[in-house]
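*Asks:* To start, I am sharing the structure in question, which I have written as structure tokens.
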Amino acid sequence: MAIHTALRHCLLYSCTVWLLGGAPAAGGAADSLRGSFREVIESLNFKNTDIKDIARLLAQRYRINLMVDDNVNQRLTLNLVNVTVADALQFMVEDNGLRLKRFGDIYKILPPEEPLPPPKIWRISYEDGLLSVDFRNDDVQDALDEIARRSGETILCERDVSGMLRGIITRLPLEEGLGQLLQMNGFQLRKTTGAYQVHPLYPAGGSGPGRENRPLWLEIRGQKVWMEAAAAPLSRVLGELSRRSGISIVLFGEPKGSVNLRVEDLELDACLELLLLDSGLSYKKSDGIYWVGDKNSPEMRVSRLFRLKHLKAEGIIEMLPQPLTGRSELKIVKSHNALLVNGSADVIGEIEEVLRSLDRPIPQIFFEALVVDYQSSDIRDISLELGTGPGIPGDSSQTSSGDITRWIPGLDVLRRGKDVGNFLSRVGEKLPGVNIGRLPDDFYLRVKALETAGKANIRSRPQIATLNGHTAELKIGETRYFRLVSETPIRDPAQLYVQTSERFQTVEINISLTITPWVSASGEITVEIEPVFNTPGEQVSANLPPNIQSRSLKSTVRLRDGETIVLGGLIQESVSESISRLPLLGRIPLLGRLFQTRNHQKINSELLIYVTPHLFYGDDWLEPD
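Going by the numbering used here, the letters in the sequence shown line up with residues 468 to 1092, in that order.
Shown next as structure tokens:
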């Protein structure tokens, strides 16, 4: 095999050449073959040999500049006798569908040319201003160019517009039809002076052609921003925001870092704050120009005065979070009830949010209270009437429950069957516990009627108002003076004297009511109530002040505006003795007892407290932030 190859090479090198005429398939390169290409090859014999090897041997043997393209990989089998170099090259090229191209004195064997695609048949019609199209995954740029050519309109595409169009529209005005078609394919058509503009449009939660491959998409509608950025350079985002919105943004230095975010329907200033949130930058606005720079730079600090509507300015600094107060300068302006803040724009924005949530109208609660003493004997009598007494004459529908609400003015209740007995037993136990509800309109008139009949005693009817979370205290009473007589024995050498002295002792007799309300956002009122009642007892001795009888309770309940809480169970027992005698005869020692009558009376009374809150606040208390 080696001897055969050497012999074949010797045959190749011993050939002579002559010049061949033009070769059309060589693309004109063979027409200029000269010099060594005219030499004749006596024998050219190869079997399944790479064309690159054959070309290299010919180039070396005949000192010609011959190259083969890397994409040419044919293997040839040749047996040629007495042919020129030019003729042999022409045969090798044409027989394998290749091309021979000249570059000065350099010749290169190239692969065949790609066949030209058939002309695009566009399914587009534009007549009388009406557009009809049928797109089936057609390139958006090519489709818009063809529509512009046929309609005579100028259609400009943004550099990010790419992808395919699919859809059919039939005889619609250009702006309407093309706008709907583009919108369904993730683009938007906007008409400007003398031209139409096309740019990407991605609905909320949707996707558009090639959207995942774009680092930045931005749209401005009025003063609102729609943006989606994926690792987009911050400098590019700020530049695009300035260009699209028409605002002037001045940068101090080159912003570093990238942005990943998606926002929809966001104010321009809020969007700018988000972009600079984690960049170490801030901005300030002056004369319509946004200045962006290092937030710690003195040039980027701004001042703003926050006037408080509902809070007292002196205590507002303690309410602010420490991270905010540490990055800003705060000063109270008492004359304006305001807070002056100096700091970067992002810090001022955060302080504004905190103040907006804190500076809300404070509800004011007005309390009506009524304190009534009922005698236990009256309560038992009324309980009997509830079971046996008739209702209102002429009203057959009136049950005995009308009597209990008439004599014991509490909540309107209707009891039937077994409930009547249970209710009577609770009344007989002097109404312990707490009831909550709404009083009838003539409630106070009923109590006055009971007081006139001697069955009740209105101890107090205080009214007081307080702010939400603040304690209100009402104290009604008197200071009584009691004369105390004391005797002091004095002994001298001769006799024993008793010295009598008098002094006045003061005793406070008060009714106090302490109320602390909390109002929830739903309007419910949580009330902590603590009444205390002090009444003087009997003075058993002239040398001692009278005993003070106290009754108090403490309760926490939840009410609605206008509801009444009834607190009971404050029982007091009093014992009195009265003596009636005949004139003169009843004062005779010893015998006078025959003409006297002694009456001992033990009275139990229960104190009921009615408390009704009324809520008042500004109209914006429950408004959303």
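We put the beta carbon where it would ideally sit given N, CA and C, even for glycine.
1. With C-beta atoms as the reference, is residue 533 less than 8 angstroms away from residue 593?
2. Given a threshold of 16 other Cβ atoms within 10 Å of its Cβ, counted over all protein chains shown, does residue 553 qualify as buried or as exposed?
3. Could you give the C-beta distance for residue 657 and residue 687, rounded to a whole number, given that I count them as a contact under 8 angstroms?
4. Grouping DSSP H, G and I as helix and E and B as strand, with all else coil, what is residue 932?
5. Rounding to the nearest angstrom, what Cα-Cα distance links residue 978 and residue 921 in this structure?
6. Is the beta carbon of residue 639 less than 8 angstroms from the beta carbon of residue 622?
7. So, at 6 angstroms on beta carbons, what are the nonlocal neighbours of residue 955 in its own chain, with the 5 sequence-adjacent residues on each side left out?
8. Do three or more CB pairs link the region 973-987 to the region 943-952 at distances below 8 angstroms?
9. Can you tell me which of 596, 572, 599, 564 puts its alpha carbon nearest to the alpha carbon of residue 582?
10. Does residue 860 pass the burial test, meaning 16 or more other C-beta atoms within 10 Å, or should it be called exposed?
11. From residue 698 to residue 513, what does the alpha carbon distance come to, in whole angstroms?
12. Determine the direct distance from the alpha carbon of residue 935 to that of residue 985, and round the result to whole angstroms.
13. Taking three-plus beta-carbon pairs below 8 angstroms as touching, is the region 774-787 in contact with the region 726-738?
14. What are the boundary residues of the beta strand (DSSP E) that includes residue 545?
15. How many angstroms separate the CA atom of residue 650 from the CA atom of residue 613?
16. Is DSSP giving residue 561 helix, strand or coil here?
17. List the endpoints of the continuous beta strand (DSSP E) containing residue 599.
18. With a Cβ-Cβ cutoff of 8 angstroms, do residue 905 and residue 1031 count as a contact?
19. Looking at residue 543: is its Cβ nearer than 8 angstroms to the Cβ of residue 555?
20. Would a C-beta distance cut-off of 8 angstroms place residue 1027 and residue 993 closer than the cut-off?
21. Verify whether the separation of the beta carbon atoms of residue 505 and residue 551 is less than 8 angstroms.
22. Between residue 705 and residue 636, what straight-line distance do the alpha-carbon atoms span, to the nearest angstrom?
23. Based on DSSP bridge pairs, tell me the residues matched to residue 517.
24. Just the C-alpha distance for residue 1018 and residue 930, rounded to the nearest angstrom, thanks.
25. Would you mind stating whether residue 631 and residue 609 have Cβ atoms separated by less than 8 angstroms?
*Replies:* Quick answer:
1. With respect to the 8 angstroms criterion, residue 533 and residue 593 are not classified as neighbours on the basis of their beta carbons.
2. Burial is judged here by how many other beta carbons sit within 10 angstroms of a residue's own beta carbon; residue 553 has at least 16 and is buried.
3. Residue 657 to residue 687, Cβ: 11 angstroms. No contact.
4. It is a strand residue.
5. Distance between the alpha carbons of residue 978 and residue 921 is about 21 angstroms.
6. No.
7. Leaving aside the five residues that flank residue 955 on each side, the residues in its chain whose CB is nearer than 6 angstroms to its CB run, in chain order, 966.
8. In short, these stretches touch, since the Cβ pair count reaches three.
9. Nearest option by C-alpha distance: 564.
10. For residue 860, the predicted structure reports a pLDDT of 38, less than 50, and the residue's modelled location is therefore unreliable. The matter cannot be settled from this model.
11. The C-alpha of residue 513 is placed about 59 angstroms away from the C-alpha of residue 698.
12. Taking the straight line from one Cα to the other gives about 5 angstroms.
13. Fewer than three Cβ pairs drawn from the region 774-787 and the region 726-738 lie within less than 8 angstroms of each other, which leaves the two stretches out of contact.
14. 542-551 is the extent of the beta strand (DSSP E) around residue 545.
15. So the two alpha carbons sit approximately 19 angstroms from each other.
16. Three-state DSSP puts residue 561 in a helix.
17. Counting along the chain, the beta strand (DSSP E) containing residue 599 begins and ends at 597-606.
18. Yes, the pair counts as a contact, with Cβ atoms nearer than the cut-off.
19. It is not a contact, given that the beta carbons lie outside the stated cut-off.
20. Inclusion of residue 1027 and residue 993 in the CB contact set at 8 angstroms is not warranted, their separation being larger than that value.
21. Yes, the pair counts as a contact, with Cβ atoms nearer than the cut-off.
22. If I take the Cα positions, the gap works out to 38 angstroms.
23. Bridge partners of residue 517: 542.
24. Straight through space, the alpha carbons of residue 930 and residue 1018 are spaced by roughly 20 angstroms.
25. With respect to the 8 angstroms criterion, residue 631 and residue 609 are not classified as neighbours on the basis of their beta carbons.
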